[in-house]
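In terms of my numbering, the sequence shown is residues 1 to 141.
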Amino acid sequence: MKVVGPNGVSAPASTRPTRSASGFSLGQAAAPSSPAATTASAATGGVSDVSALMALQGVEGPLERRRRAIRRGSGLLDRLDEIKLALLNGDADEGALDRLARSLREERAADDDKDLGALLDQIDLRASVELAKAEMRRNRP
């Protein structure tokens, strides 16, 4: 199929029927005789253009990865604050521990900023320590 312009396609140039090694041949498909058939083909091409555009938008740049990493680190710090407040009040807030564990399991975006990476490593370590301490408290007789 050859694209002739933005609104249509042309029929294949060859009029020879296709033959396979077994001798089976496919009949020549009739060329679209109406403008509606040509329009339907052009509409299909538009769908593939949209999917390609959406695929490009799915690729995140370094700025978006950095924002996502900062958002994850801030969320972990918020969960750690919840646990701190619960411990100061004398409560064993299992919900806060579960939220911290879920936040810690979230995928961490790779970032080229070494300082940000080091800071996020420290936050992850602190969250892991708090989860381990909570597990020890649960298993204590």
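Think of the CB as a built atom: it goes at the ideal place given N, C-alpha and C, for glycine as much as any other residue.
- Message: Check for me: the alpha helix (DSSP H) holding Pro-89 runs from which residue to which?
- Response: Residue numbering aside, residue 89 sits at position 89 when the sequence shown is read from its first letter. Checking the displayed sequence, the identity of residue 89 turns out to be Asn instead of Pro. Looking at the DSSP string, Asn-89 is not in any alpha helix (DSSP H), and its letter there is neither H nor E.
- Do the region 71-87 and the region 105-121 meet, that is, are 3 or more Cβ pairs less than 8 Å apart? yes
- Message: Need the endpoints of the alpha helix (DSSP H) that Glu-107 sits in, please.
- Response: On the sequence shown, position 107 is the one that residue 107 refers to. Segment: none, Glu-107 is in no alpha helix (DSSP H) and carries neither H nor E.
- Message: Short of 6 Å in beta carbon distance, which residues of its chain neighbour Glu-82, apart from the five on each side in sequence? Order them along the chain.
- Response: The residue labelled residue 82 in the question sits at position 82 within the sequence shown. Within the same chain, Glu-82 has close Cβ partners Ala-96.
- Between the Cα of Arg-138 and those of Arg-65, Pro-62 and Asp-93, spot the shortest distance and give me the residue it belongs to. Taking the first residue of the sequence shown as position 1, residue 138 is located at position 138. It is Asp-93 whose Cα lies nearest to the Cα of Arg-138.
- Note down the Cα distance separating Ala-134 from Ile-123, rounded to an integer number of angstroms. Translated into the one-based positions of the sequence shown, residue 134 becomes position 134. Translated into the one-based positions of the sequence shown, residue 123 becomes position 123. Their backbone Cα atoms lie some 17 Å apart in a straight line.
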